[in-house]
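In our numbering, the protein residues as written are 7 to 1251. To start, the structure itself, in structure tokens.
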Amino acid sequence: MAPMTGCVSAQLPTFFVFLLYSCIFSICSADSLLVYDRDFLLSIRSRMDVFQNSNAGHLFPPPLETDANPAAEPVLLHAFPPPLETDVSPASGLVLPVGLPLPRRPWKKKRGKRGGFFVQLRRIRRGEAISERCSVTVMSRIHRHLNRVELISLLPGGHGAECYMDVSEVWMTGQLGAHGAESCASAWDVGMILQLGAHGAKRCMRASEPRMIRRPTAADQLAAHNRGRCGDRLITSDYCVWGKERCFRSSPDARGGCLVPVVSLGSTGLPSRSRFRRSRFGRHNQRGINLANLQYIARFDGAGLSLPSGKQSTRFALINARSVGNKTFILKEFFLNNSLSVLCATESWLTPGDSAAIVEMLPPGCSFINIPRAQRRGGGLLTIFKSDLVCTPITHQSTPLSFELSLFELGRSPPLLCALIYRPPPYNKDFLNEFANFLADVSCRYGKILLLGDFNIHVCCPDKPLVKDFLDLIDSFSMSQRVNGPTHGHTHTLDLIFCHGLQISDLGILPATFSDHSPVVFNMNLDSASRVECFRPSFSRTIGPNTAAHFAAILALNSAPFQSTDEFTVVEGLLHALDSSCLAALDIVAPLKSRRNTSRPDPWLNEQTRSMRQHARRLERKWIKDRLTVSFESMREAWSQYQRAVRGARNRFFASIVTANSNNQGVLYKTMNAVLSPVTKLFSSASADLCNQILQFFLNKISVIRAQIHQTNHVPDSVIPPHVQLQSFQPISLPYLEKTVAAMKPSGSPEDVIPPRLLKEVFPFISHNVLDILNSSLTLAEVPSAFKHAVLQPILKKPGLDPTDYSNLRPISKLPFLSKVLEKIVYEQMLTHLNDNQVMDIFQSGFRKQHSTETAHVRVFNDIFLALDSGFHVVLVLLDLSAAFDTIDHDILITRLHTWAGISGTALDWFRSYFCNRSARVMLDGCSSESQPLRWGVPQGSILGPLLFNLYILPLGAIFRKHAVSYHLYADDCQIYFSFKPTQSTQVLSDCILEVKQWLADNFLHLNDSKTDLIVFSPNSITATQQPDLNYLSPNVSSVISNLGVKMDQALKMDAQVNNTVKSCFYQLRRISKLKHILSVRLLKSVVHTFITSRLDYSNSCLYGISKAALSRLQLVQNSAARLLTGADRRQHISPILKSLHWLPVQFRINFKIMLLTYKSLNHQAPPYLCELVHYYNPPRALRSEDKLLLAVPNARLKSRGERAFSVCAPKLWNALPLLVRQAPTASIFKSRLKTHYFNLAYTT
């Protein structure tokens, strides 16, 4: 009977609860059916305990009055008492589901130690503080448990007890009462008031629109219930705790699906079991928690919210790493395990440009500040911080010589100054003076200062030199030192933390497990240190290997022919029908699913590395417990083995990627950057406002440029009509379309209905529909509006520029994939017409087949060398156009297509439709701006854009020819060069430039005078003393200019180009050397060709005839690359190494490039302006050499001028080749024979 008695006594509180429940239910009206779910009944006991110990309020709030007139005006529902006063602004935003998944029944106790997991959960549930004995492991387990259902978890306590909300690993507090609580609004995710009733009911009220909550009528109940299931904006909560159905009509800005029923009623009036779906954590459903009451959160962008400012606890750590390179993964584990926000490491021992170790160490979602020691080894300061912190590196006015310094600001106004300092151990008499000057400077400008680092000053020993003066200096600036224990060994305190105007808490000195210095960790409350990021729901489709087959099967069943209506034109209707069918099929096989951005474990981690990490942690706990030397050595060895194992796994992972893509240069480049360069986002936080600002900057920039242009009375260009007119575009066949689609890269727009890769897989099933759309567009001269909308992706013009300066960004247009297919078809037909009628300018090398920057360089250098050899001076002007592609006037371009390119009829109408009603918007990280019309310009990144720009500037050539000025064009890069005698006037060049500038203005192109470069070459090696009179361009004369990636100096010795190439190549060699242990010799050789040989060979034909000293510097780069590949010692002779690699020396590589261009020129595989420079030798009489394929060699006067011209050096080198090489039938055979010939010359003589 004893057990039975205990059981009955244990159930008495439950009987009392049901009795109280019946009494309250009898008081309510018949319509107010009071229903509680099982979660509430299970938590009654804890609620009763709270109620007995408090005298504020009632256990249950009164039921809702229900006798309102249904036809009355909407009134506010006040079912709960007012929320408790908190610091949260009530004008905030969205609905939060609430719940706490418990791992056990709440009434069942578990015996365990006071700091155990279940004990701490019970303390949290009672509203008590977590025990100080709670370890880091238990805290991490509690943290994982609260995030298990991926919700915001509200932990209910008693009256006024603290509750916690975890939003993206940010902890916030709010006040929870017995009858209802106002949850603390997450600073960037939410902004609505949530009231939690004592029975577990949810009621929300949007503070900005309280009128939207009303009592529904009977008709509203049915309509709301149906619409809520259909996903409409009318959201329903089927039954609240009072038994009344409410409808919550959301505003247009709110996100649907935020409310869920508390409990549903079946036919018996009891909770329906069908509502309780079983989650992946099914064991909780039998242990006192109903996950059906919880809903995943759709995050709100927070636009227009006034967010409250609050203090957040930031976790810091200070450690003297003594070489980060051999502890990268250990420090990464240390950062993650201790939930750090900022890690400051002294003595990083990193060299300038060494970022490979930082890539290994950097945790996901973090950034870094690296200040390496510049002159000698050792030293260095490294700061790792979470990217959501507002951290701004700053530079001190003067660089101290006695200590190393890294400064950065945390938070917004007023910011906190953090100074990471390392003072080398040797005594320096200037340290106190420099440190005092530094403190005096920063103390006047900052109210909150944090100084931390390794000072190598034994503050624990006041009798030692420098200690008393140092501490007096710190005290004079009202700074307090917070580290009170030994940090080096067991006796000395060297790592110090000073603060002014700050409160530091929970400071602890951890055991020195991986360095001879102990890590120091502490918490600090910062005002608005974190960025207020605007999150949006992230949706994606899961596309697997079988998605294409399933998509084709469903599309075959649901495809329907297009029926013409008045709503769409023919082309728009065909595209709309295809998009609708494809979208419906794609929603079935790969529906859009919300995706939570969580950090994923590194892909190279495996069971072996995890077990080694666990083993190291066990040994670490053992050493902390017994403090034995043998345990310490075992722990050190275990962590070293873990570091080597993870690094080896990482190397094998990247080696497998490179091996699988050895022939893909793009993958090699991305893999190399992934190994050696940290991943940095263009903007730390993206939002719709940021996208609108960037788009508005681009549009305003174009408007300002066009407003600065001063037009004259526009005179029509002289018309040069071609012989044949292109009146219409021809329809294409299905095989031609399939070939075109197969050859295109799978790149498109984020707004594509079908992702480009999937579209190429399923293209055989939709090819006829696409063919109808494209042919209809070509024949009807209509471009669908979806094809004319571009998504702009801003990119940096050059690496390392500041992205916050929008002038450093270049907009790249992402157009739909089918739009690119259509443009490719038009491009091919249009290019055929232009080539047949020779419409294009002969000296335009941009974006044309068989043309390149090197062919442009060869022609310009040839003309300059010949002019200098004849005794002329040459002035070279490089014109710079501002946003040339974006300021093109559409009407002028249409006229130019008709008058200069000979396009008319429906073909010209197609271009009118192509330019009409174009629009664009900026998209960054899922955030998008509003769509804005594009009235000018051609889209950068499109297929037709470069060709249309070349046609737009066609009349420029006529102006240059009119003034007898030589020129060369490469898209919008214009080179003008003019030769003159010292006694000759340069007024012709000035008049030409003025007319060009006026023509550009008349055609809405802006010449940027400040970026226009000018250089003067003299016939001799001596710099020209007489400068030509170029009016307003005279101040732009430079001694060195950059022309299409090649630096030209006045003496044409090419020293600047050689130095720039050597510098770039050695930088890449230092990066590649870190990949040697990852890649095989064959793959490493491919990487060297990609990053080193390509730089040595870029426009190297212009380096013919340079000095031996310059050639030796280039040869040094090749020798270093060969030694890196083979691992040869530097004392070993280099010729056998180069021969084993089958590499030609630099001089022979230059000759090889010149001979290849010569062969292509002779066989009409080069631009016409190169073909006219070389001619076969025709002797005046019959000679035996007339069938030797020799070239005529022009006369040259100067070796450093005329003999370096392509028209002179190419015939000489060609005539020196064996006849077998000159008679090669194809270019590939010629290259093979030519390399064999030069290889024998290089290594057999």
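Glycine included, each C-beta is placed from N, C-alpha and C at the ideal position.
When the Cα atoms are used, Ile999 and Tyr1175 turn out to be separated by approximately 23 Å. With the rule of 3 Cβ pairs closer than 8 Å, the region 653 to 662 does not count as touching the region 899 to 916. Collapsing the DSSP output to three states places Val673 in a helix. Glu366 sits buried, since 16 or more C-beta atoms from the chains shown fall within 10 Å of its C-beta. When the five nearest sequence neighbours on each side are left out, the beta carbons in the same chain lying within less than 8 Å of the beta carbon of Ser1213 are those of Asn868, Leu872, Leu1179, Val1180, Pro1200, in order along the chain. Note: Cys505 is bridge-paired with Leu456, Ser486 in the DSSP secondary-structure output. Your pair Pro1025 and Gly877 checks out as a contact, with CB atoms roughly 5 Å apart and the cut at 8 Å.
Only buried fits Pro525, as 16 or more other CB atoms lie within 10 angstroms of its CB. Counting C-beta atoms within 10 angstroms of its own C-beta, Gln736 has fewer than 16 neighbours from the protein chains shown and is therefore classed as exposed. The residues Gly1111, in chain order, have a CB closer than 8 Å to that of Lys1205 in the same chain once the five nearest residues on each side in sequence are set aside. At the C-beta level, Cys588 and Ser934 stay beyond 8 Å of one another.
The shortest C-alpha to C-alpha distance from Val864 to any of Phe1072, Arg1210, Leu368 is the one to Arg1210.
Selection Phe823, Thr1018, His506 evaluated against Pro1041 yields Thr1018 as nearest (Cα-Cα). In the three-state reduction of the DSSP assignment, Asn1157 falls in the helix class, which pools H, G and I. By DSSP's assignment, Leu940 forms a beta bridge with Arg924.
If you draw a 10 Å sphere on the C-beta of His839, you find 16 or more other C-beta atoms in it, and that means buried. Our two residues, Lys435 and Thr401, have alpha carbons roughly 24 Å apart in a direct line.
The shortest C-alpha to C-alpha distance from Phe461 to any of Arg147, Leu426, Tyr452 is the one to Leu426.
For the 8 Å CB-CB criterion, Leu1131 and Ile1098 do not form a contact. Shown here for Ala622: same chain residues with a beta carbon closer than 6 Å to its own, the five before and five after excluded, namely Ala644, Trp645, Tyr648 in chain order.
With 16 or more other Cβ atoms inside 10 Å of its own Cβ, Val527 counts as buried.
Cys466 carries a coil assignment under DSSP once its states are collapsed to helix, strand and coil. Of all alpha-carbon atoms in Cys466, Phe391, Ser690, the one lying nearest the alpha-carbon of Thr497 is that of Cys466. About 27 Å separates the beta carbon of Ala970 from that of His716, a gap too long to meet the 8 Å contact definition. Here DSSP, grouped into helix, strand and coil, assigns His1148 to coil. Contact between Gly947 and Ser755 is absent: CB atoms are separated by about 10 Å, not below the 8 Å threshold. In this structure the region 800 to 819 does not touch the region 879 to 891; the number of beta carbon pairs closer than 8 Å is below three.
When the five nearest sequence neighbours on each side are left out, the beta carbons in the same chain lying within less than 8 Å of the beta carbon of Pro492 are those of Cys466, His498, Thr499, Ile515, Ser524, in order along the chain. Using a Cβ distance threshold of 8 Å, Val759 and Met929 do not count as a contacting pair.
Check the Cα spacing between Asp895 and each of Arg712, Tyr976, Val845: the tightest is with Arg712. Listed as beta-bridge partners of Glu410 by DSSP are Tyr428. Shown here, Tyr1182 sits in a strand according to DSSP, grouped into three states. By the C-beta criterion, the region 474 to 485 is judged to be in contact with the region 440 to 447, since at least 3 inter-stretch pairs fall below 8 Å. The DSSP-derived three-state label of Met846 is coil. Annotated three-state conformation of Phe335 is helix, per DSSP. About 6 Å separates the beta carbon of Leu387 from that of Ser354, a gap short enough to meet the 8 Å contact definition.
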